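Student: My structure is below; once you've seen it, I'll send some questions.
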Amino acid sequence: MSAFSGYYPYTAGPNDAPPIPLTPQQLALAYHHFQFMQQNTMPPPPPPPPQAPVIDPALQVRDPNTNTQRLEALERKVRDLKAEKRVNSSPEARSSKRRKKSDAYLLRDAKGLSVKQEEVRKQLMKKMKTELMTLTGMARDANSESDSDSESSSAPPARPSRSVMSFDFNENIDHPTNTKVIDRAAELIWKEQHDPKADTFSLLHKDVKFTLADIASFGKTNFRTWKRSWKAETDTAAAAKRARQEAKGRQTHEKKIFEAKPTQSTSGVQERHKKDPAFILETDWMSDEISGPDTDDEAKKDIHRKLLVEAAKLTPEQESQPLWERVRPGFQTTEMTEIKDDLDGICEEQKRTQKKKSRPVVQRLNLGNLHSRTLPARCGLL
Numbered sequence: 001m002s003a004f005s006g007y008y009p010y011t012a013g014p015n016d017a018p019p020i021p022l023t024p025q026q027l028a029l030a031y032h033h034f035q036f037m038q039q040n041t042m043p044p045p046p047p048p049p050p051q052a053p054v055i056d057p058a059l060q061v062r063d064p065n066t067n068t069q070r071l072e073a074l075e076r077k078v079r080d081l082k083a084e085k086r087v088n089s090s091p092e093a094r095s096s097k098r099r100k101k102s103d104a105y106l107l108r109d110a111k112g113l114s115v116k117q118e119e120v121r122k123q124l125m126k127k128m129k130t131e132l133m134t135l136t137g138m139a140r141d142a143n144s145e146s147d148s149d150s151e152s153s154s155a156p157p158a159r160p161s162r163s164v165m166s167f168d169f170n171e172n173i174d175h176p177t178n179t180k181v182i183d184r185a186a187e188l189i190w191k192e193q194h195d196p197k198a199d200t201f202s203l204l205h206k207d208v209k210f211t212l213a214d215i216a217s218f219g220k221t222n223f224r225t226w227k228r229s230w231k232a233e234t235d236t237a238a239a240a241k242r243a244r245q246e247a248k249g250r251q252t253h254e255k256k257i258f259e260a261k262p263t264q265s266t267s268g269v270q271e272r273h274k275k276d277p278a279f280i281l282e283t284d285w286m287s288d289e290i291s292g293p294d295t296d297d298e299a300k301k302d303i304h305r306k307l308l309v310e311a312a313k314l315t316p317e318q319e320s321q322p323l324w325e326r327v328r329p330g331f332q333t334t335e336m337t338e339i340k341d342d343l344d345g346i347c348e349e350q351k352r353t354q355k356k357k358s359r360p361v362v363q364r365l366n367l368g369n370l371h372s373r374t375l376p377a378r379c380g381l382l
């Protein structure tokens, strides 16, 4: 009988014949056939695990503060682009060429301006200050703007009340909270005053050009002044530093008397009054020199300015000249006052006769006001 070489049935019935037993050779062939079929149908074995770690441990994790700095830099860039867009939105700034940064300002610097430009500049500065005080709640009623608009016959109509904003004096001028207030005030003034044909226009001269950046720069100046005052009130170290700076400024002015012609200043005054005037250079004996009262009330400042103009006997063409008031200490005697007046006269005469004048001589006038500084404990010469 020959060996069975076909396929075996998957099932066997009860009447089927029993299978024929296989020889060892046939079993070996069947085993090799099973291995061959298993290699073609089974999936490949998985790769061995890596010997080194997948993530390099030398790599450092990014500091989250770096992302914050990058975001802040992007925000500053966006603000600069928006500011440049607002500046270029003015009629005089529209051009196919890119404007220079210096061209964005026409009235920011007072040097080199004409009389008309100076008058418009002062009006815009006053309007910007009033607008900022209104937005921040520092003024009860700034819509009237009686101080700045009294020179014009057409006053702007009152705008509806706006929500109060606030400065953050703990931050710099570039902080979003502060730039938001300044930009808002500048845009309101620009909307009212940039078109001479508008009903809200109230500037003296229609032909004087200015930009939105000029108005914003005036607001930044106000912010810095208010921040210094706020810091002087809240920070004792800053207040002491400011007092030292003011005292040093007064002392520098008094010393100019002796720098130009010390023989004439010292010897002449000493012969006339029989007193050595050198001690007056000490801070405790100095007079105060102010450009105006230390107040935010524009009406009081205007009254003080008119008094200085009348005392200086200026013509209408000269009313824009800078004037300072000399406020004497209330404790000084008549003799000390005469010595100081003599020294001040010599100083002003020397300034007028100088060959090279770096800047115009500022008149200093005495309106008879006295400051309330107390008498120093070591005084006793006069």
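Read in order, the letters of the sequence shown are residues 1 to 382 in full-length UniProt numbering.
Quick reminder that beta carbons are idealized off the backbone N, C-alpha and C, glycines included.
Since this is a predicted model, take the numbers as computed values, not measurements.
1) Consult DSSP for residue 108 and reduce its assignment to one of helix, strand or coil.
2) Could you pull out every residue in the same chain whose Cβ sits closer than 6 Å to the Cβ of residue 119, ignoring the five residues on either side in sequence?
3) Per DSSP, residue 324 forms a beta bridge with which residues?
4) In the DSSP assignment, find the alpha helix (DSSP H) that holds residue 223 and state where it starts and stops.
5) Rounded C-beta distance between residue 269 and residue 207? I'm assuming under 8 Å.
6) Distance check for residue 305 and residue 313, CA to CA, integer angstroms please.
7) Once you ignore the five residues that flank residue 378 on each side, which residues in its own chain have a CB closer than 6 Å to its CB?
8) Where does residue 290 fall in DSSP's three states?
9) I'd like the list of long-range same chain contacts for residue 125, defined as Cβ closer than 7 Å, with 5 residues on each side in sequence excluded.
10) Which class does residue 307 belong to by DSSP, given the choice of helix, strand or coil?
11) Relative to the alpha-carbon of residue 209, which residue among 345, 127 and 116 has its alpha-carbon at the smallest distance?
12) Counting only the same chain and skipping the five closest in sequence on each side, list residues whose C-beta sits under 8 Å from that of residue 192.
13) Can you find the residues in the same chain that come closer than 8 Å, C-beta to C-beta, to residue 128, ignoring five residues on each side of it along the sequence?
14) At what residues does the alpha helix (DSSP H) containing residue 189 begin and finish?
15) Taking the C-alpha atoms as reference points, what is the distance between residue 44 and residue 27?
16) Going by other Cβ atoms of all chains shown within 10 Å of its Cβ, with 16 needed for buried, is residue 241 buried or exposed?
17) Kindly indicate which three-state DSSP category residue 329 falls into: helix, strand or coil?
18) Pull up the distance between the alpha-carbon of residue 233 and that of residue 59, whole angstroms please.
19) DSSP three-state call for residue 59: helix, strand or coil?
20) What separation, rounded to the nearest whole angstrom, lies between the Cα atoms of residue 96 and residue 324?
21) Is it buried or exposed for residue 67, if we count other Cβ within 10 angstroms and need 16 for buried?
22) Assuming residue 166 and residue 136 form a contact by the criterion Cβ under 8 Å, report the distance between their Cβ atoms to the nearest whole angstrom.
23) In the DSSP assignment, the alpha helix (DSSP H) including residue 133 goes from what residue to what residue?
24) So what's residue 22 in DSSP terms, helix, strand or just coil?
25) DSSP three-state label for residue 27, please.
Tutor: The relevant details are as follows:
1) In the three-state reduction of the DSSP assignment, residue 108 falls in the coil class.
2) 204
3) 364
4) Run containing residue 223: 212-234, per the alpha helix (DSSP H) assignment.
5) With a Cβ gap of about 52 Å, residue 269 and residue 207 do not count as contacting.
6) 12 Å
7) Because the pLDDT of residue 378 is 49, which lies under 50, any placement of that residue in the model is unreliable, and the number read from its coordinates should be weighed accordingly. So no residue of the chain qualifies.
8) strand
9) Excluding sequence neighbours, residue 125 sits near 218.
10) helix
11) Across the set 345, 127 and 116, the C-alpha of 116 shows the shortest separation from the C-alpha of residue 209.
12) 156, 198, 200, 201 and 202
13) 185, 186, 189, 215, 218, 219 and 222
14) That run of the alpha helix (DSSP H) goes 176-193.
15) The alpha-carbon atoms of residue 44 and residue 27 are separated by roughly 27 Å.
16) exposed
17) strand
18) 50 Å
19) Reduced to three states, the DSSP call for residue 59 is coil.
20) Because the pLDDT at residue 96 is just 46, under 50, the model does not fix this residue reliably, and the point stays unresolved.
21) With fewer than 16 Cβ atoms within 10 Å of its Cβ, residue 67 is classed as exposed.
22) 6 Å
23) 115-135
24) coil
25) helix
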